[in-house]
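Using the working numbering, you'd call the opening residue of the sequence shown number 9 and step up by one each time. Glycine residues also receive a C-beta, built at the ideal position from the N, C-alpha and C atoms. Here's the structure, in structure tokens; my notes come after.
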Amino acid sequence: MKKNGIPSRLFLALCFLFLYAPILVLVVFSFNASKSKAVWAGFTLDWYVQLFHNSSILNALWVTLAVSALAAVISTVLGTAAAIGFHNLKRRVRSVCMTINNIPLTNADIITGVSMMLLFLLAVDAWNGSLGSVLGIKLNLGFWSLLVAHITFDVPHVILSVTPKLRQLDPNIYEAAQDLGDHGFHAFRKVVLPEIMPGVVSGLIMAFTLSIDDFVISYFTAGAQTQTLSMVIYSMAKKQVSPEINALSTLMFVAVVILMVIFNLRQTRQEKLAQRRRETLSGQ
Numbered sequence: 009m010k011k012n013g014i015p016s017r018l019f020l021a022l023c024f025l026f027l028y029a030p031i032l033v034l035v036v037f038s039f040n041a042s043k044s045k046a047v048w049a050g051f052t053l054d055w056y057v058q059l060f061h062n063s064s065i066l067n068a069l070w071v072t073l074a075v076s077a078l079a080a081v082i083s084t085v086l087g088t089a090a091a092i093g094f095h096n097l098k099r100r101v102r103s104v105c106m107t108i109n110n111i112p113l114t115n116a117d118i119i120t121g122v123s124m125m126l127l128f129l130l131a132v133d134a135w136n137g138s139l140g141s142v143l144g145i146k147l148n149l150g151f152w153s154l155l156v157a158h159i160t161f162d163v164p165h166v167i168l169s170v171t172p173k174l175r176q177l178d179p180n181i182y183e184a185a186q187d188l189g190d191h192g193f194h195a196f197r198k199v200v201l202p203e204i205m206p207g208v209v210s211g212l213i214m215a216f217t218l219s220i221d222d223f224v225i226s227y228f229t230a231g232a233q234t235q236t237l238s239m240v241i242y243s244m245a246k247k248q249v250s251p252e253i254n255a256l257s258t259l260m261f262v263a264v265v266i267l268m269v270i271f272n273l274r275q276t277r278q279e280k281l282a283q284r285r286r287e288t289l290s291g292q
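What follows is the structure, encoded as structure tokens:
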């Protein structure tokens, strides 16, 4: 079979259709005047208007974005520091640490969610029965437990994203910076961090994506008063999913596409500038 033959192109088209047809249907029916998922009743923007008046969905969206953003930033810092620490360990110790780091990646989400829920309940009961009763501060599962849970399963992905860049890094670059008079964290920030920044950014994006997409772990660790967007959609799915969710999903999809376009254009521009600099230097 030719690499660019008709069968391979047809297969590729079917793959794209399978991936993006559901999103296209969601976008189309976000403008449907009827709540029906099968009958087109005319074009309308009412669901977008009602979306911004639905406090439950907006609150769930705010919780989802806040948890995802905070978890992504914190886990990126912790994961980058952990990856650097693992990189500087001896080979045997490093392999043991990486094996432990990979356990949450292969573990089922429901096991992680239930185990973390039990851990949080134990911690809450211990606090409320000791210092909490003395200080008059009672804890319950909620935003804080949800954030800690997301940080916990995000950190291993950041470590895996940063580690390959550390392996590609010249092991003598930090010592060279010290020999030239730069020391401590300033040398790391000016010399090492720019070299591993692609891995750090990839880990940040991966952590944010995993957090905003998570349902199972959030379901077990969010408590009774806090809900993410996925939990709200799940509760609606038992009866009927509101078309307002279609409108919100469309807006989120458009925002992601715009960010991807901006990122790709910026990356292309940087590559062109770098190519021009190399051509200029070679010409000199």
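Three Cβ pairs or more, each shorter than 8 Å: is that satisfied between the segment 37-55 and the segment 218-227?
At 8 Å Cβ cutoff, the stretches do not touch.
Contiguous alpha helix (DSSP H) assignments of at least 4 residues, all confined to the segment 25-93:
Those alpha helix (DSSP H) runs which fall completely within the segment 25-93 and span 4+ residues are 54-59.
Which word fits A29, buried or exposed, when buried means at least 16 other C-beta atoms lie within 10 angstroms of its C-beta?
Position 21 of the sequence shown, counting from 1, holds the residue named residue 29. Exposed.
Range covered by the alpha helix (DSSP H) that runs through K146
Taking the sequence shown and counting its residues from 1, one reaches residue 146 at position 138. Per DSSP, K146 lies in no alpha helix (DSSP H) and is assigned neither H nor E.
With DSSP as the reference, label S169 as helix, strand or coil.
As a position in the sequence shown, residue 169 is number 161, starting the count at 1. Looking at S169 - three-state DSSP - the assignment turns out to be helix.
The alpha helix (DSSP H) with F128 in it runs from where to where?
Against the sequence shown, residue 128 aligns to sequence position 120. Start and end: D117 to G137.
What residues in its chain sit with their C-beta under 7 Å from that of N254, if we drop five residues either side in the sequence?
Position 246 of the sequence shown, counted from the first residue, corresponds to residue 254. Here the set comprises L34, F37, S38 and W55.
Exposed unless 16 or more other CB atoms sit within 10 angstroms - verdict on Q278
Taking the first residue of the sequence shown as 1, we reach residue 278 at position 270. Counting the other Cβ atoms within 10 Å of the Cβ of Q278 gives fewer than 16, which makes it exposed.
For I159 and T288, what's the separation of their Cα atoms in angstroms?
Position 151 of the sequence shown, counted from the first residue, corresponds to residue 159. Position 280 of the sequence shown, counted from the first residue, corresponds to residue 288. Their Cα atoms are separated by approximately 45 Å.
Could you give the DSSP three-state label for D178: helix, strand or coil?
Residue mapping note: residue 178 aligns to position 170 of the sequence shown, counting from 1. Assignment of D178 by DSSP, reduced to helix, strand and coil, places it in the coil class.
If we count Cβ pairs, one from each stretch, closer than 8 Å, do we get three or more for the segment 164-181 versus the segment 207-219?
With the cut-off at 8 Å, the segment 164-181 and the segment 207-219 touch.
What's the gap between the Cα of L259 and the Cα of W135?
Residue numbering aside, residue 259 sits at position 251 when the sequence shown is read from its first letter. Residue numbering aside, residue 135 sits at position 127 when the sequence shown is read from its first letter. Rounded to the nearest angstrom, the two C-alpha atoms are 42 Å apart.
Look at the alpha carbon of N96 and the alpha carbon of S103, and state the distance between them as a whole number of angstroms.
Indexing the sequence shown from 1 puts residue 96 at position 88. Indexing the sequence shown from 1 puts residue 103 at position 95. Cα to Cα, the separation comes out at about 12 Å.
Reduced DSSP secondary structure (H/G/I, E/B, other) of S243
Residue mapping note: residue 243 aligns to position 235 of the sequence shown, counting from 1. Residue state, collapsed to three classes: helix.
Where does P202 land, buried or exposed, given buried means 16+ other C-beta within 10 angstroms?
The count along the sequence shown starts at 1 and reaches residue 202 at position 194. Exposed, by the Cβ-count rule.
If we ignore side chains and look at the alpha-carbon of each, how far apart do V156 and L59 end up?
By 1-based counting over the sequence shown, the position of residue 156 is 148. By 1-based counting over the sequence shown, the position of residue 59 is 51. Rounded to whole angstroms, V156 to L59 spans 29 Å at the Cα level.
Just to confirm my understanding: we take G303, look at its own chain, exclude 5 residues before and 5 after, and list those with CB closer than 8 Å. What are they?
Only positions 9 to 292 of the chain appear in this structure, which leaves residue 303 out of reach.
For L147, collect the residues of the same chain with a Cβ closer than 7 Å to its Cβ; drop the 5 residues on either side in sequence, then sort them by chain order.
The count along the sequence shown starts at 1 and reaches residue 147 at position 139. Within the same chain, and ignoring the five residues on either side of L147 in sequence, the residues whose Cβ sits closer than 7 Å to its Cβ are V132, W135, N136 and G140.
Counting Cβ pairs closer than 8 Å, one from the segment 62-80 and one from the segment 240-256, do we hit at least three?
The count of Cβ pairs closer than 8 Å, one atom from the segment 62-80 and one from the segment 240-256, reaches three, so the stretches are in contact.
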